[in-house]
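For the protein sequence lines, the chains are B, P and F, in the order given.
472 is the number of the first residue of the first sequence in the working numbering; add one for each residue after it.
472 is the number of the first residue of the second sequence in the working numbering; add one for each residue after it.
472 is the number of the first residue of the third sequence in the working numbering; add one for each residue after it.
Here a beta-carbon is modelled for each residue, glycine too, at the ideal position from N, C-alpha and C.
See structure below.
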Amino acid sequence: MFLKNTWYVACTAAELQEKPLGRQICGERIVFYRALDNKVAAVEDFCPHRGAPLSLGYVCEGKLVCGYHGLEMGCDGKTIAMPGQRVRGFPAIRSFAVVERFGFIWVWPGGVNLSDPGKIPHLDWYDNPEWAYGGGFFYINCDYRLMVDNLMDLTHETYVHSSSIGQKEIDEVPCQTVVEGDLVTTSRHMTNIMAPPFWKMALRGNKLADDIPVDRWQICRFTPPSNVMIEVGVAHAGNGGYDAAPEHKVGSVVVDFITPETETSILYFWGMARKFNPTDAALTDSIREGQRKIFSEDLQMLELQQRNLLAHPDRALLKLNIDAGGVQSRKVLDRLLEEERAAAIALAPGNPS
Amino acid sequence: MFLKNTWYVACTAAELQEKPLGRQICGERIVFYRALDNKVAAVEDFCPHRGAPLSLGYVCEGKLVCGYHGLEMGCDGKTIAMPGQRVRGFPAIRSFAVVERFGFIWVWPGGVNLSDPGKIPHLDWYDNPEWAYGGGFFYINCDYRLMVDNLMDLTHETYVHSSSIGQKEIDEVPCQTVVEGDLVTTSRHMTNIMAPPFWKMALRGNKLADDIPVDRWQICRFTPPSNVMIEVGVAHAGNGGYDAAPEHKVGSVVVDFITPETETSILYFWGMARKFNPTDAALTDSIREGQRKIFSEDLQMLELQQRNLLAHPDRALLKLNIDAGGVQSRKVLDRLLEEERAAAIALAPGNPS
Amino acid sequence: MFLKNTWYVACTAAELQEKPLGRQICGERIVFYRALDNKVAAVEDFCPHRGAPLSLGYVCEGKLVCGYHGLEMGCDGKTIAMPGQRVRGFPAIRSFAVVERFGFIWVWPGGVNLSDPGKIPHLDWYDNPEWAYGGGFFYINCDYRLMVDNLMDLTHETYVHSSSIGQKEIDEVPCQTVVEGDLVTTSRHMTNIMAPPFWKMALRGNKLADDIPVDRWQICRFTPPSNVMIEVGVAHAGNGGYDAAPEHKVGSVVVDFITPETETSILYFWGMARKFNPTDAALTDSIREGQRKIFSEDLQMLELQQRNLLAHPDRALLKLNIDAGGVQSRKVLDRLLEEERAAAIALAPGNPS
């Protein structure tokens, strides 16, 4: 169960170069490529001639050429040409709305005519000298909602990430969850604690003392379909915490774009955007590697949790206060899924309109 | 089709240390751990909070702690505590009767209330200065009964293990199979033959000549659910064979505990207990390595036999005299499975009692 | 859907030495071995005793001996002997007609009584001093008919094999497809073109200039069940092309025997027979390695095409003029499959005859 009429990250802009790229998004095999003037395009990864995967082909003068028999495919899913053939009667394949923006390639797996680039989330830090960004990518065999749950309940840091960002105080300080329309926010503010290793590293990276008490915050924001942005940071204690002046704190945004591949697998694009010391490329690298190590600790847990849930589909899981972020996010998703389902029925041929 | 109300070896005592251990036994995913005072415990490998595998957690002060969000599980499957939560209403998970004895951890996959530690088979050689023991472990993709068949018909040694313990005379001397209650015994006594390589090694290990004729015996004993103990040995010929005085013979017990993982996979715990030269640790090692090599020769045969049987479920296999041990063992199993089934119906809610 | 009453290549003669060889052919697991006087034999890879794979056994005095308990199997699928057993009542297993000829082992997966060695295709080049032959073998996860399509439409060379045998002119020159009974022939003749790299190498191998225009031909011949022989070559332009005198040309036959393993996997035996410079073993090697590299370029395309077709079983593929070779070959197959089906019904017990 995925939302289809929405934007998902398909790949980073840097992943898509001269060669076409085949990815499965919400169950659809799609080939992405750069057409004329570097404009991104996306069509079904299925040649209408004999079913070959177009992603094994190449791009020539902005046209996607099938690597099997040379059929030239257009961005709209219509065959442009094929050596020695008249192609007018060739069946079209699906094309997908796709946009390059903010360093990512965004795809809309639903109807092209429903797509609206204005709905792509705005990423403040992109191409902004006040910010630095680093990120990476994992394949994980789990339902995308298990990853949303994970990111909307950071008490797991205490256990899964005990040597880096976890600390007992996360468990001890309750979180607040607020729903405003499609936005779900879960916040936790800890005061007068010692920073865990990752944040000590970040404090030093911003030339701040790492051995005195700090205030720490975590503000998780879910927006559909499965984007979770988490403001995180620490400030030297007693300077206002989250609202402290820049010279007292280090803060950043954990960026999570979760793209369902199938019902039980995801493409997970993670990263961190920070507003301190943005020109320090070595710091960007060390944060990225720290984050890669931390996020890799979740993989086995999520995949074996998924295995357990598939083996026991009948079991109702608990919905505790710490789970409120995930629970509310799923409620937003359920409402939107129902709206999408209803809209599809209304649009179906033969329906009175 | 496995017996559930019976004891199976889950792991060796040495395998279970500080970290919890997840294993699948008779289709159930179970986590084993050492609670207070090193006492072993076993519960479902499924956290009642969000379905995470408890085996990825850790043990703290005798409590199993979920590695995802810190839920503390008790030996009885009831949640003890969770940071910031009242746990009284949490659903319980299954707990399993489990006993550490004779160097193994034994689990009873059926009802805890039906479990009886008195039914764990007694292992004479454990912690006994007259005996030495060495063993190992394999995963094999086959029905546990194929392994019982294998061990209750040692004519296969002539073919599968021709370079170590096999010899033509095994085929030539008929075996006798006797059933007494749940015990099935298949015996073969060969007289005045030359010892095969493994037994020459053992003779030398006991400082006996290896180049003169011997009498050789094999006495396989099956007991439910799937334990096969095989008395094996050779004596210098003419001294009474199996009954010869200790100075004329080398004898040992091949130990086989077969634990069904699924319908078509097993945990296979094998070993050898010997009553000669028990303090010679180097001999224990060389016997263990010899046995590992020998038993690994069975793996491919059993797995491809299983593949063949799955592809031809309709074919009736032959039941020859050499198969009597396996055939009788399956009859015992079938009777006990039927008893277990009948008892489960009698106990079912709504049944007149 | 495979033809069963026909000959398939099971392995090369060189592959079958002292040890039995287990292969799956048209869904049947078969063990091949050399019986008395090196005569090949083939029976089900299933021991009638306990279902063990006979291919794990060995051959002794022309008899296939089961490696589990020593049952001796005859070429006709009847048990000959077993230590300590009377075998007269043992159920027979299927035996298969099998012939060693032209360097290959040929098997007839259908009824033995219907088999006719006279229907094995004649291979001119075998054991013929005017010819040299080299070849190899791949497993590929695709329907055998996708490989037939591939070989009966060589326009794919332009795309899949662009650096070796592909060239634009293949696309530009139309092919002719002719059906004569069960034989489907697709031909293409290109005149006054430059030879692509593979053929330049072959020209030099035959001491001919590689930098002047040539005429090039491709004559693909499909015969059931799935054999494709392709006459290919180049001649210095203006000497009659395909009909040029030997001193002006290099020509060879691409040999393709495609044996279905399952509905979606094949054993693919490929090779090249050439009539020039036959004693140059180094040339044979370099052609074989060139061909191996070229044919390996098809593997991923065929396997992902198969994946796409399995995901979209409802989609009708295009049948263009370039596809005529494959389309006609499938028509021949469909007709023969229908004949085989009708014959099976007529022969079925209980049918009026």
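Residue span of the beta strand (DSSP E) that contains F:Trp577, given as start and end: Looking at the DSSP string, the run of the beta strand (DSSP E) that includes F:Trp577 is Phe575 to Trp579.
Contacting residues, own chain, Cβ-Cβ under 6 Å from B:Glu628 (five flanking each side not counted): Only residues of its own chain outside the window of five on either side were considered, and among them Ile636, Gly637 and Ile641 have a CB closer than 6 Å to the CB of B:Glu628, listed in chain order.
Pairwise C-alpha distance: B:Phe473 and B:Glu584: According to the sequence displayed, residue 584 of chain B carries Asn and not Glu. When rounded, the distance between both Cα atoms is 19 Å.
Residues near F:Ser824 by beta carbon distance below 6 Å, same chain, minus five either side: Because F:Ser824 carries a pLDDT of 47, less than 50, the predicted location of this residue cannot be relied on, and the following value inherits that uncertainty. Residues of the same chain with a CB within less than 6 Å of the CB of F:Ser824, apart from the 5 flanking positions on each side, do not exist.
Own chain partners of B:Cys482 with C-beta closer than 7 Å, once the 5 adjacent residues on each side are dropped: Closer than 7 Å at the Cβ level, and outside the excluded window around B:Cys482, lie Leu492, Arg494, Phe503 and Ile576.
Inside the region 621 to 706 of chain B only - beta strand (DSSP E) runs reaching at least 3 residues: Counting whole runs of 3 or more residues, the region 621 to 706 of chain B contains the beta strand (DSSP E) stretches 647 to 651, 654 to 664 and 685 to 694.
Environment of B:Thr477 [buried if 16+ CB atoms lie within 10 Å]: Here B:Thr477 is buried, its C-beta having at least 16 other C-beta atoms within 10 Å.
B:Arg505 - DSSP class collapsed to helix/strand/coil: B:Arg505 carries a strand assignment under DSSP once its states are collapsed to helix, strand and coil.
Chain B within 7 Å of F:Asp464, Cβ atoms only: Beyond the ends of chain F as shown, which are 472 and 824, falls residue 464 of chain F; an answer cannot be given.
B:Ala708 vs B:His719 beta-carbon contact at 7 Å: No, the Cβ-Cβ distance between B:Ala708 and B:His719 is not below 7 Å.
CA-to-CA distance, B:Pro562 to F:Ala648, given in whole angstroms: One point to set straight first is that residue 648 of chain F is Thr, not Ala, in the sequence displayed. Taking the Cα positions, F:Thr648 is about 25 Å away from B:Pro562.
Rounded distance between the beta-carbons of F:Asn748 and F:Gly704, thought under 8 Å: Wrong, their Cβ atoms sit about 13 Å apart, outside the cutoff.
Straight-line gap, P:Ala485 to P:Phe608 (C-alpha atoms, nearest Å): P:Ala485 and P:Phe608: Cα-Cα distance of roughly 12 Å.
Beta-carbon gap between B:Glu445 and B:Val569 smaller than 7 Å: Shown here, chain B extends from 472 to 824; a query on residue 445 of chain B therefore has no answer.
Contact check, P:Gly796 vs P:Phe669, beta carbons under 7 Å: Taking 7 Å as the Cβ cut-off, P:Gly796 and P:Phe669 do not qualify as a contacting pair.
For F:Leu738, the residue or residues it bridges with in DSSP: Paired residue(s): F:Tyr610 and F:Thr730.
Burial state of F:Pro600 (16 or more Cβ within 10 Å): Flag for F:Pro600 reads exposed.
Below-7 Å beta-carbon distance, P:Asn779 vs any chain F residue: Yes, P:Asn779 counts as interfacial toward chain F.
B:Thr550 - DSSP class collapsed to helix/strand/coil: The answer is strand: DSSP assigns B:Thr550 an E or B state.
Which residues DSSP lists as bridging B:Lys534, in chain order: Paired residue(s): B:Cys531.
Which of helix, strand or coil DSSP assigns to P:Tyr615: The answer is helix: DSSP assigns P:Tyr615 an H, G or I state.
First through last residue of the alpha helix (DSSP H) which encompasses F:Thr477: If you look at F:Thr477, you'll find it isn't in any alpha helix (DSSP H); DSSP assigns it neither H nor E.
Contact set between B:Arg786 and chain P, taken where Cβ atoms lie within less than 9 Å: Within 9 Å of the CB of B:Arg786, the CB atoms of chain P belong to Phe517, Pro519, Gly522 and Pro562, in sequence order along the chain.
Residue-level contact to chain F via CB, P:Met772, 7 Å cutoff: Yes, P:Met772 counts as interfacial toward chain F.
6 Å CB neighbourhood of P:Pro580 in its chain, flanking five on each side removed: Closer than 6 Å at the Cβ level, and outside the excluded window around P:Pro580, lie Lys475, Ile496, Cys497 and Glu499.
Listed by chain order, chain B residues near F:Gln799 by CB distance under 7 Å: Within 7 Å Cβ-Cβ: nothing; F:Gln799 doesn't reach chain B, min ~15 Å.
Endpoints, the beta strand (DSSP E) within which P:Arg494 is located: P:Arg494 -> beta strand (DSSP E) spans Leu492 to Ile496.
7 Å Cβ shell around P:Pro588 - same chain, five flanking residues per side excluded: Spatial neighbours of P:Pro588 in its own chain (CB-CB distance under 7 Å, excluding positions within 5 residues in sequence) are listed in chain order as Val570.
CA-to-CA distance, P:Leu594 to P:Leu487, given in whole angstroms: Cα-Cα distance, rounded: 20 Å.
Alpha carbon of P:Met623 to alpha carbon of P:Cys646, nearest angstrom: Approximately 10 Å, taken between the alpha carbons.
Cα-Cα separation, P:Asp508 to P:Gly605: If you take the alpha carbons of P:Asp508 and P:Gly605, they lie about 27 Å apart.
For B:Tyr713 and B:Trp741, believed in contact at Cβ under 8 Å, the rounded distance: Taking the Cβ atoms as the reference, B:Trp741 lies roughly 22 Å from B:Tyr713, outside the contact range of under 8 Å.
Contact check, F:Asn612 vs F:Glu734, beta carbons under 7 Å: 7 Å or more divides the Cβ of F:Asn612 from the Cβ of F:Glu734.
Interface residues of chain P facing B:Gln776 [CB-CB closer than 8 Å]: Arg521, Gly522, Ala523, Pro524 and Tyr539, listed in chain order.
DSSP-derived helix/strand/coil call for P:Gln556: For P:Gln556, the three-state secondary structure derived from DSSP is strand.
Beta-carbon neighbours of B:Gln556, restricted to chain F and to distances below 7 Å: The answer, in chain order, is Leu791.
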